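The opening position of the sequence shown corresponds to residue 186 in this note's numbering, with each subsequent residue numbered one higher. Ideal Cβ placement from N, Cα and C applies to all residues, glycine included. The model shown is predicted, which means the values in this text are computed figures rather than measured ones. Report on one structure; see the data block that follows.
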Amino acid sequence: MNKQKYSKIREKLRKSSVGIAGLGGLGSNAAISLARAGVGRLILVDFDKVEESNLDRQYYFLQQIGKTKVEALQENIRKINPKVEVETYNQRLKKGSMEKPFYDVDVVIEALDNASTKADFIEEILTKLPNKPIVAASGVAGYGHSDRITTKYLGNLHMCYDEHALSSDEDILMAPRVAIMANWEANLAIEIILGEDK
(Lines of atoms letter the chains of each structure in order from A; the text may use other names.)
(Lines give C-alpha, C1' and ligand atoms only; values in the text may rest on other atoms or scores of the structure.)
Protein backbone atom coordinates (compact mmCIF):
# COMPACT_ATOMS: atom_id res chain seq x y z
CA MET A 186 0.00 0.00 0.00
CA ASN A 187 1.22 3.48 -0.89
CA LYS A 188 1.14 5.10 2.56
CA GLN A 189 1.65 8.63 1.23
CA LYS A 190 -1.26 8.32 -1.21
CA TYR A 191 -3.42 6.68 1.47
CA SER A 192 -2.70 9.52 3.92
CA LYS A 193 -3.51 12.16 1.30
CA ILE A 194 -6.81 10.47 0.42
CA ARG A 195 -7.81 10.02 4.07
CA GLU A 196 -7.14 13.70 4.76
CA LYS A 197 -9.19 14.84 1.79
CA LEU A 198 -12.10 12.60 2.82
CA ARG A 199 -11.86 13.85 6.41
CA LYS A 200 -12.42 17.40 5.16
CA SER A 201 -15.33 16.43 2.91
CA SER A 202 -19.09 16.36 3.45
CA VAL A 203 -21.93 14.34 1.92
CA GLY A 204 -25.67 14.92 2.27
CA ILE A 205 -28.05 11.95 2.05
CA ALA A 206 -31.75 12.32 1.29
CA GLY A 207 -33.57 9.22 2.52
CA LEU A 208 -32.24 6.66 5.01
CA GLY A 209 -33.80 3.43 3.81
CA GLY A 210 -31.93 0.62 2.06
CA LEU A 211 -29.84 2.93 -0.12
CA GLY A 212 -29.25 5.82 2.26
CA SER A 213 -28.51 3.87 5.45
CA ASN A 214 -26.02 1.55 3.74
CA ALA A 215 -24.36 4.37 1.78
CA ALA A 216 -23.96 6.40 4.98
CA ILE A 217 -22.26 3.50 6.76
CA SER A 218 -19.81 2.98 3.88
CA LEU A 219 -18.97 6.68 3.77
CA ALA A 220 -18.40 6.71 7.53
CA ARG A 221 -16.12 3.68 7.26
CA ALA A 222 -14.23 5.39 4.43
CA GLY A 223 -13.62 8.40 6.66
CA VAL A 224 -15.86 11.11 5.17
CA GLY A 225 -15.71 13.82 7.83
CA ARG A 226 -19.27 15.11 7.83
CA LEU A 227 -22.61 13.56 6.93
CA ILE A 228 -25.97 15.34 6.64
CA LEU A 229 -28.78 12.81 7.10
CA VAL A 230 -32.39 13.60 6.17
CA ASP A 231 -35.42 11.35 6.73
CA PHE A 232 -38.81 11.60 8.45
CA ASP A 233 -39.43 7.91 9.09
CA LYS A 234 -39.02 5.53 12.03
CA VAL A 235 -37.32 2.14 12.01
CA GLU A 236 -39.76 -0.73 11.48
CA GLU A 237 -39.20 -4.48 11.68
CA SER A 238 -39.84 -4.76 7.93
CA ASN A 239 -36.78 -2.53 7.32
CA LEU A 240 -34.30 -4.92 8.91
CA ASP A 241 -33.93 -7.24 5.91
CA ARG A 242 -32.08 -4.59 3.88
CA GLN A 243 -31.50 -1.40 5.90
CA TYR A 244 -28.66 -0.71 8.34
CA TYR A 245 -30.64 -0.85 11.57
CA PHE A 246 -31.02 -3.33 14.40
CA LEU A 247 -33.88 -5.03 16.22
CA GLN A 248 -33.50 -2.92 19.36
CA GLN A 249 -33.81 0.27 17.27
CA ILE A 250 -37.38 -0.41 16.13
CA GLY A 251 -39.48 2.67 16.87
CA LYS A 252 -36.57 5.12 16.85
CA THR A 253 -36.34 7.75 14.15
CA LYS A 254 -34.05 6.64 11.35
CA VAL A 255 -31.87 9.73 11.74
CA GLU A 256 -31.31 8.95 15.44
CA ALA A 257 -30.73 5.22 14.89
CA LEU A 258 -28.30 5.74 12.02
CA GLN A 259 -26.41 8.41 13.94
CA GLU A 260 -25.99 5.86 16.78
CA ASN A 261 -24.69 3.23 14.36
CA ILE A 262 -22.22 5.61 12.73
CA ARG A 263 -20.96 6.72 16.14
CA LYS A 264 -20.20 3.07 17.02
CA ILE A 265 -18.25 2.61 13.79
CA ASN A 266 -16.43 5.95 13.47
CA PRO A 267 -17.04 8.49 16.24
CA LYS A 268 -14.88 11.04 14.42
CA VAL A 269 -17.57 11.57 11.78
CA GLU A 270 -19.65 14.69 12.37
CA VAL A 271 -23.30 13.75 11.83
CA GLU A 272 -25.98 16.40 11.34
CA THR A 273 -29.56 15.11 11.27
CA TYR A 274 -32.86 16.45 9.96
CA ASN A 275 -35.90 14.46 11.08
CA GLN A 276 -38.21 15.85 8.42
CA ARG A 277 -40.02 15.07 5.21
CA LEU A 278 -38.57 16.86 2.18
CA LYS A 279 -41.19 19.20 0.76
CA LYS A 280 -41.41 20.21 -2.86
CA GLY A 281 -40.11 23.74 -3.30
CA SER A 282 -37.57 23.59 -0.46
CA MET A 283 -35.92 20.18 -0.86
CA GLU A 284 -32.46 21.64 -1.35
CA LYS A 285 -32.26 23.49 1.98
CA PRO A 286 -30.41 20.88 4.10
CA PHE A 287 -27.81 20.40 1.37
CA TYR A 288 -26.35 23.87 0.69
CA ASP A 289 -23.14 23.15 2.57
CA VAL A 290 -22.08 19.71 1.32
CA ASP A 291 -19.67 18.58 -1.38
CA VAL A 292 -21.94 15.87 -2.80
CA VAL A 293 -25.64 15.00 -2.46
CA ILE A 294 -26.87 11.40 -2.52
CA GLU A 295 -30.50 10.78 -3.53
CA ALA A 296 -31.80 7.69 -1.74
CA LEU A 297 -35.55 8.27 -1.72
CA ASP A 298 -38.26 5.61 -2.13
CA ASN A 299 -41.04 7.35 -4.02
CA ALA A 300 -40.45 7.78 -7.77
CA SER A 301 -42.11 11.19 -8.07
CA THR A 302 -40.32 12.48 -4.95
CA LYS A 303 -37.01 11.23 -6.40
CA ALA A 304 -37.65 13.10 -9.64
CA ASP A 305 -38.67 16.29 -7.82
CA PHE A 306 -35.62 16.13 -5.56
CA ILE A 307 -33.15 15.61 -8.41
CA GLU A 308 -34.71 18.47 -10.37
CA GLU A 309 -34.58 20.84 -7.38
CA ILE A 310 -30.93 20.06 -6.59
CA LEU A 311 -29.89 20.47 -10.22
CA THR A 312 -31.86 23.71 -10.55
CA LYS A 313 -31.28 25.39 -7.19
CA LEU A 314 -27.76 24.10 -6.51
CA PRO A 315 -26.45 23.99 -10.08
CA ASN A 316 -22.81 23.42 -9.11
CA LYS A 317 -23.56 20.61 -6.68
CA PRO A 318 -22.88 17.03 -7.82
CA ILE A 319 -25.77 14.67 -7.12
CA VAL A 320 -25.63 10.88 -7.09
CA ALA A 321 -28.87 8.97 -7.65
CA ALA A 322 -29.97 5.37 -8.23
CA SER A 323 -32.52 3.67 -10.46
CA GLY A 324 -33.17 -0.05 -10.85
CA VAL A 325 -32.65 -1.23 -7.28
CA ALA A 326 -35.31 -3.94 -7.13
CA GLY A 327 -34.77 -7.62 -7.78
CA TYR A 328 -31.70 -9.84 -7.44
CA GLY A 329 -28.82 -10.98 -9.61
CA HIS A 330 -27.81 -9.29 -12.87
CA SER A 331 -25.33 -6.98 -11.13
CA ASP A 332 -23.36 -6.94 -14.40
CA ARG A 333 -26.14 -4.78 -15.89
CA ILE A 334 -25.55 -1.91 -13.44
CA THR A 335 -23.74 1.03 -14.93
CA THR A 336 -23.16 4.73 -14.29
CA LYS A 337 -24.80 7.38 -16.43
CA TYR A 338 -23.30 10.86 -16.34
CA LEU A 339 -25.70 13.68 -17.14
CA GLY A 340 -23.91 16.90 -16.25
CA ASN A 341 -23.82 17.07 -12.44
CA LEU A 342 -26.12 14.06 -12.15
CA HIS A 343 -24.36 10.73 -11.63
CA MET A 344 -26.87 7.88 -11.92
CA CYS A 345 -26.34 4.27 -10.78
CA TYR A 346 -28.57 2.60 -13.29
CA ASP A 347 -30.03 -0.69 -14.46
CA GLU A 348 -32.39 0.02 -17.33
CA HIS A 349 -33.77 -3.54 -17.32
CA ALA A 350 -34.72 -3.75 -13.63
CA LEU A 351 -38.38 -3.68 -12.66
CA SER A 352 -39.67 -1.05 -10.25
CA SER A 353 -39.98 -1.85 -6.54
CA ASP A 354 -43.76 -1.95 -7.07
CA GLU A 355 -43.29 -4.81 -9.54
CA ASP A 356 -40.41 -6.71 -7.92
CA ILE A 357 -38.94 -7.39 -4.47
CA LEU A 358 -36.22 -5.49 -2.64
CA MET A 359 -33.41 -7.74 -1.38
CA ALA A 360 -30.36 -6.89 0.71
CA PRO A 361 -27.61 -7.94 -1.73
CA ARG A 362 -28.91 -5.89 -4.66
CA VAL A 363 -29.83 -2.91 -2.46
CA ALA A 364 -26.38 -2.97 -0.85
CA ILE A 365 -24.65 -3.09 -4.24
CA MET A 366 -26.53 0.00 -5.39
CA ALA A 367 -26.00 1.80 -2.07
CA ASN A 368 -22.27 1.16 -2.19
CA TRP A 369 -22.18 2.14 -5.85
CA GLU A 370 -23.64 5.49 -4.79
CA ALA A 371 -21.13 5.83 -1.95
CA ASN A 372 -18.27 4.91 -4.27
CA LEU A 373 -19.36 7.54 -6.79
CA ALA A 374 -19.52 10.16 -4.04
CA ILE A 375 -15.94 9.32 -3.03
CA GLU A 376 -14.85 9.40 -6.67
CA ILE A 377 -16.31 12.91 -7.01
CA ILE A 378 -14.70 14.11 -3.77
CA LEU A 379 -11.25 12.78 -4.59
CA GLY A 380 -11.25 13.85 -8.20
CA GLU A 381 -7.74 13.46 -9.59
CA ASP A 382 -6.47 12.00 -6.31
CA LYS A 383 -8.53 8.79 -6.68
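C-beta atoms of Ser192 and Ile378 nearer than 9 Å: Not in contact: Ser192 and Ile378 (Cβ atoms no closer than 9 Å).
Whole-angstrom distance between Val224 and Ala321, CA atom to CA atom: When rounded, the separation of the alpha-carbon atoms in Ala321 and Val224 is 18 Å.
Beta-carbon spacing of Leu208, Ala296 below 9 Å: Contact flag set, yes.
Environment of Ala350 [buried if 16+ CB atoms lie within 10 Å]: Its Cβ being crowded by 16 or more others within 10 Å, Ala350 is buried.
Spatial distance of Ile294 from Ile205 (CA atoms): So the two alpha carbons sit approximately 5 Å from each other.
For Ala220, the nearest candidate out of Gln248, Lys252 and Glu272 (CA to CA): Checked all of Gln248, Lys252 and Glu272; the closest Cα to Ala220 is Glu272.
Residue range of the alpha helix (DSSP H) that includes Arg362: For Arg362, the enclosing alpha helix (DSSP H) begins and ends at Ala360 to Leu379.
Endpoints, the beta strand (DSSP E) within which Ile294 is located: Its beta strand (DSSP E) spans residues Val292 to Glu295.
Buried or exposed (CB count within 10 angstroms, at least 16 for buried), Tyr338: A residue is called buried once 16 or more other Cβ atoms fall within 10 Å of its Cβ, and Tyr338, having fewer, is exposed.
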